[in-house]
Amino acid sequence: MSFDAETLRYDAAGLLPVIAQEATTGEVLMLAWMNAEAVRRTLETGRVTYWSRSREDFWVKGETSGHTQELVELRIDCDRDCLLAVVRQTGPACHTGRRSCFYTGINAGEELELMKPEV
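Last residue of the sequence shown: 299 (our numbering), numbering continuous.
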């Protein structure tokens with residue numbers, strides 16, 4: 181069956197959330213957003229391309245930092261309103277220099293830093 185990015189269910193702003201997961205470890209790296217064109221670009225190039233809501237522009241992960249995401253597989257959730265990007269991450273995924281954006285845990289009502297920046 182042929183895939184068409186327009187068949188996904190985008191929000192009112194034309195976006196849907198994308199979870200990036202490391203292919204080798206299963207580690208959840210980050211959450212970002214894509215529009216239909218970002219989905220198409222990601223599939224065409226194999227380099228994960230997001231839509232930056234703050235810059236209102238396309239953002240190829242690692243284009244300036246070198247911390248790239250090579251697409252292994254793009255998965256669609258059952259409601260077609262969220263994607264899972266299985267990737268090979270080079271360097272930290274988080275803009276803070278950490279491997280994952282999910283570096284803060286909550287335990288007994290307290291926030292805990294679970295990992296330090298790599299760079």
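Don't be surprised by glycine CBs; every beta carbon is placed ideally from N, CA and C.
According to the DSSP secondary-structure assignment, Asp237 is paired through a beta bridge with Ser232. Under the DSSP definition of a beta bridge, Gly285 partners with Leu292. Closest in alpha carbon position to His275, among Met181, Trp239, Ala203, is Trp239.
Counting along the chain, the unbroken beta strand (DSSP E) around Val252 starts and ends at 249-256. The Cβ-Cβ distance between Met214 and Leu196 falls below 8 Å. C-alpha of Ala193 to C-alpha of Arg233: approximately 10 Å in a straight line. Excluding five sequence positions before and after Ala218, the CB atoms of its chain that fall closer than 8 Å to its own CB belong to Thr229, Tyr230, Trp231, Phe238, given in chain order. Taking a C-beta distance under 8 Å as the contact criterion, Val266 and Arg255 qualify as a contact pair.
Annotation for Glu293: Tyr283, Thr284 place their beta carbon closer than 7 Å to its own, counting only its chain and skipping 5 residues before and after. Spanning the alpha carbons of Thr205 and Asp191 requires a straight line of approximately 30 Å. One Cα belongs to Lys241, the other to Gln249, and the distance between them is close to 6 Å.
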